[in-house]
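Okay, structure first, notes after.
There are 2 protein chains.
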Amino acid sequence: MDLELVAQVRRFNRIVTQRVGALDDHYLARDRPLGEARVLWEIGPDGCDVRSLRSRLDLDSGYLSRLLRSLEGAGLITVEPSESDKRVRTARLTSAGLAERAVLDQLSDALALSFLTPLDEGQRNRLVAAMSEVERLLTAAMVQISRQDPAHPHARHCMREYFAELDRRFEGGFDPSVSISADDDELRPPAGLLLTATLRSEPIGCGALKFHDDKPTELKRMWVAPSARGLGIGRRILAELEAEALRNGSRVVRLETNKSLTEAITLYRSSGYVEVDAFNEEPHAHHWFEKPLDVAPR
Amino acid sequence: MDLELVAQVRRFNRIVTQRVGALDDHYLARDRPLGEARVLWEIGPDGCDVRSLRSRLDLDSGYLSRLLRSLEGAGLITVEPSESDKRVRTARLTSAGLAERAVLDQLSDALALSFLTPLDEGQRNRLVAAMSEVERLLTAAMVQISRQDPAHPHARHCMREYFAELDRRFEGGFDPSVSISADDDELRPPAGLLLTATLRSEPIGCGALKFHDDKPTELKRMWVAPSARGLGIGRRILAELEAEALRNGSRVVRLETNKSLTEAITLYRSSGYVEVDAFNEEPHAHHWFEKPLDVAPR
DNA sequence: CCAAACCTCTGACTATAATCAGAGAAAATG
DNA sequence: CATTTTCTCTGATTATAGTCAGAGGTTTGG
Numbered sequence: 001m002d003l004e005l006v007a008q009v010r011r012f013n014r015i016v017t018q019r020v021g022a023l024d025d026h027y028l029a030r031d032r033p034l035g036e037a038r039v040l041w042e043i044g045p046d047g048c049d050v051r052s053l054r055s056r057l058d059l060d061s062g063y064l065s066r067l068l069r070s071l072e073g074a075g076l077i078t079v080e081p082s083e084s085d086k087r088v089r090t091a092r093l094t095s096a097g098l099a100e101r102a103v104l105d106q107l108s109d110a111l112a113l114s115f116l117t118p119l120d121e122g123q124r125n126r127l128v129a130a131m132s133e134v135e136r137l138l139t140a141a142m143v144q145i146s147r148q149d150p151a152h153p154h155a156r157h158c159m160r161e162y163f164a165e166l167d168r169r170f171e172g173g174f175d176p177s178v179s180i181s182a183d184d185d186e187l188r189p190p191a192g193l194l195l196t197a198t199l200r201s202e203p204i205g206c207g208a209l210k211f212h213d214d215k216p217t218e219l220k221r222m223w224v225a226p227s228a229r230g231l232g233i234g235r236r237i238l239a240e241l242e243a244e245a246l247r248n249g250s251r252v253v254r255l256e257t258n259k260s261l262t263e264a265i266t267l268y269r270s271s272g273y274v275e276v277d278a279f280n281e282e283p284h285a286h287h288w289f290e291k292p293l294d295v296a297p298r
Numbered sequence: 001m002d003l004e005l006v007a008q009v010r011r012f013n014r015i016v017t018q019r020v021g022a023l024d025d026h027y028l029a030r031d032r033p034l035g036e037a038r039v040l041w042e043i044g045p046d047g048c049d050v051r052s053l054r055s056r057l058d059l060d061s062g063y064l065s066r067l068l069r070s071l072e073g074a075g076l077i078t079v080e081p082s083e084s085d086k087r088v089r090t091a092r093l094t095s096a097g098l099a100e101r102a103v104l105d106q107l108s109d110a111l112a113l114s115f116l117t118p119l120d121e122g123q124r125n126r127l128v129a130a131m132s133e134v135e136r137l138l139t140a141a142m143v144q145i146s147r148q149d150p151a152h153p154h155a156r157h158c159m160r161e162y163f164a165e166l167d168r169r170f171e172g173g174f175d176p177s178v179s180i181s182a183d184d185d186e187l188r189p190p191a192g193l194l195l196t197a198t199l200r201s202e203p204i205g206c207g208a209l210k211f212h213d214d215k216p217t218e219l220k221r222m223w224v225a226p227s228a229r230g231l232g233i234g235r236r237i238l239a240e241l242e243a244e245a246l247r248n249g250s251r252v253v254r255l256e257t258n259k260s261l262t263e264a265i266t267l268y269r270s271s272g273y274v275e276v277d278a279f280n281e282e283p284h285a286h287h288w289f290e291k292p293l294d295v296a297p298r
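Chain order of the listed sequences is X and W. Per the working numbering, the first sequence runs over residues 1 to 298. Per the working numbering, the second sequence runs over residues 1 to 298.
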């Protein structure tokens, strides 16, 4: 990789940890232990289960418990057993806690303003545009794509969302029972495989392959969560699936799709897929695509 | 200010403290106290005075002293009295320390690469361009402009650099003795005033006014360090000087300049200054400019 | 040459962050 | 229904971060 790119990223990291990181902690702390302030903030106005606090802030359970006791002692939060699962406890802000959080909110605004006020209007707009770009691309870079068992909750979640979206978008809805199957076992090695994309441990996309020995490999279940679109994740999933297919000895990948899925069709076309005659009787499909894998992979 | 701008800056702050800040610390630490790692890094390959370590890392003298003892005990640095001033001590990396710092260097590269590798080439280039923009504009926002006594080391430094630059750029060089005076007392209230711009406590620019009762105020000594150009600092100094002049009751500001100072001339023109006939006999000047202050200040 | 300012260090101390083992209650599993 | 797993908590303990006062040597400025 170009050394100059790495050097620029490092300059950025440096100034940003100095300027944003250090100040952010300082503003958030305001004569309270930083850990407590973070917890107070993370609980949020609607309350939050202790276990999700633990995973989001990545804290030791004993440590978090003590922080919660301290905040409780200060009258800023209450902690009560959850209704659905009595092992889980839920932390909620008291009115004093809400007031305290509002102060933190204002301090965060003040920090943001301290970046903007010294600049003139043109500079401000350029800064904000560049920040937005950095935010988007850093987010994209945080997305991890990995193999997943079809029965895993992440996989189930993606399938559910995928079917729901198809049902919303297809004329006349989507009926899985008349569609070509892709059961769990068909998406598990050796019959096939499933990839999921996750962002901060949340599932945000998937894609699967069904192998057919020497016949073309089928591509199924390509989906990216609406909140994560425009980050190039679909393209990454597609590329990884093709790489997996190649590794499995496939020479050709093919797929069918519905005319309403325009972004997907654009993606396939721009990734080297060419439209071919219908190769199956999928009732929801309008287009069939195929890509030979041995030509220069991109 | 536009709330949407503030919100975007906050989103940026959030992701960047999470992603860059936390990981940066983690990479830097590698089973050593973070404070020690920072000191080790900051000492650099050429060594560093203890006092400048203290100011750059903003550490308590006792605390830093202990960190240095610890690094010394680990055989990573040596600390010896400085030659010029025996109160000051200078820390230097041993060969083991240099090796350790090289490891930190590689880890920083690895962190930067972890942002880049998941992206495709177009995304990479956009990320790096946006990072560069953010870096520049955050730097610009860190610049502080304030009144300064002409005898202060910062002011002296700027003047020295300013004269040196004029001498380099003017045809036939610059001779202060034949130039119109601007001695310390002329740039101190009530006769005038001096502003300096600083970035991380380092002087990087200046500008001054000489008041003449009801006659136009003179603008002198506008200079920005080459390393800090293109950040809009000259324009900010100019605007602050005009505000000061207005506060002092001035209605008009005027200045003379040399034809070789093209960026300055562009700045004056775009800030509402109009060229007028020579109003003094400054031998180095080719252009004379004037701006009425009571018309809408920008 | 003397007083003031400066630089670094040590000692003594406090607060915060973090880890680990295990207890007790509740839910999931088979 | 017995077993395992999950979730939160307490107790015990350690590491790290940070502060403050003052000692002892060095330089600066009048």
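Every residue gets a Cβ at the ideal spot worked out from N, C-alpha and C, and that includes glycine.
First and last residue of the alpha helix (DSSP H) that includes residue i?
{"i": "V9(X)", "result": "3-16"}
{"i": "R101(X)", "result": "95-116"}
{"i": "G133(W)", "result": "It should be pointed out that residue 133(W) corresponds to Glu in this sequence rather than to Gly. Note, E133(W): alpha helix (DSSP H), 121-142."}
{"i": "L293(X)", "result": "Here L293(X) belongs to no alpha helix (DSSP H), and DSSP marks it neither H nor E."}
{"i": "L71(X)", "result": "61-73"}
{"i": "R51(X)", "result": "50-57"}
{"i": "V39(X)", "result": "34-43"}
Residues of chain X with a CB under 9 Å from the CB of residue i: which are they?
{"i": "R10(W)", "result": "S108, D109, L111, A112"}
Enumerate in chain order the residues of its own chain whose CB-to-CB distance from residue i is below 8 Å, with the five nearest sequence positions on each side excluded.
{"i": "V88(X)", "result": "D49, V50, R51, P81, S82"}
{"i": "R298(W)", "result": "Note that R298(W) has pLDDT 48, beneath the 50 cutoff, so the model's placement of it is unreliable and the number below is only indicative. Excluding sequence neighbours, R298(W) sits near A239, S271, G272."}
{"i": "L267(W)", "result": "G234, R235, L238"}
{"i": "P176(W)", "result": "F163"}
Determine the chain W residues that contact residue i at a beta-carbon separation under 7 Å, and present them in chain order.
{"i": "G21(X)", "result": "T17, G21"}
{"i": "D60(X)", "result": "Ordered by position in chain W, no residue passes the 7 Å Cβ test against D60(X), which lies about 16 Å from the chain."}
{"i": "D24(X)", "result": "N13, T17"}
{"i": "L5(X)", "result": "L116, R124, V128"}
Tell me where the beta strand (DSSP E) around residue i begins and ends.
{"i": "A29(X)", "result": "Segment 22-29 is the alpha helix (DSSP H) holding A29(X); no beta strand (DSSP E) there."}
{"i": "G205(W)", "result": "202-212"}
{"i": "E80(W)", "result": "77-81"}
Might you give, ordered along the chain, the residues of its own chain that have their beta carbon closer than 7 Å to the beta carbon of residue i, omitting 5 neighbours on each side?
{"i": "P203(W)", "result": "H154, H157, C158, T196"}
{"i": "H286(W)", "result": "N258, K259"}
{"i": "F279(X)", "result": "R254, W288"}
{"i": "D294(X)", "result": "R251"}
{"i": "D213(W)", "result": "none"}
{"i": "D25(X)", "result": "L34"}
Chain W partners of residue i, CB-CB under 8 Å?
{"i": "V103(X)", "result": "Those do not exist, as V103(X) stays about 15 Å from chain W at its closest Cβ, beyond 8 Å."}
Using a Cβ-Cβ cutoff of less than 6 Å, which residues in the same chain neighbour residue i once the five nearest sequence positions on both sides are dropped?
{"i": "L116(X)", "result": "R124"}
{"i": "V143(W)", "result": "A197, L199, I233"}
{"i": "L107(W)", "result": "Y27"}
{"i": "V276(W)", "result": "W288, E290"}
Chain X contacts from the stretch 116-134 of chain W (Cβ-Cβ distance under 7 Å) = Residues of the stretch 116-134 of chain W with a Cβ closer than 7 Å to any Cβ of chain X, in chain order: L116, P118, L119, D120, Q123, R124, R126, L127, V128, A130, M131, S132, E133, V134.
If contact means a Cβ-Cβ distance below 7 Å, which residues of the stretch 226-237 of chain W contact chain X?
-> Within the stretch 226-237 of chain W, the residues whose Cβ lies closer than 7 Å to some Cβ of chain X are G232, listed in chain order.
For the stretch 225-290 of chain X, list the alpha helix (DSSP H) runs that are entirely contained and at least 4 residues long, ordered along the chain.
-> The DSSP assignment places 233-247, 262-270 as complete runs of the alpha helix (DSSP H) inside the stretch 225-290 of chain X, in order along the chain (cut-off: 4 residues).
Listed in chain order, which residues of the stretch 137-149 of chain X have Cβ atoms closer than 9 Å to some Cβ of chain W?
-> Of all residues in the stretch 137-149 of chain X, those with a C-beta nearer than 9 Å to a C-beta of chain W are L137, L138, T139, A140, A141, M142, V143, Q144, I145, reading in chain order.
Which of the residues in the stretch 26-47 of chain W, read from start to end, lie with their CB under 9 Å from any CB of chain X?
-> Residues of the stretch 26-47 of chain W whose Cβ lies closer than 9 Å to any Cβ of chain X: none.
Runs of alpha helix (DSSP H) lying entirely within the stretch 147-193 of chain X, each at least 4 residues, in chain order = Counting only runs of at least 4 residues, the stretch 147-193 of chain X fully encloses the following alpha helix (DSSP H) elements, listed from N- to C-terminal order: 153-169.
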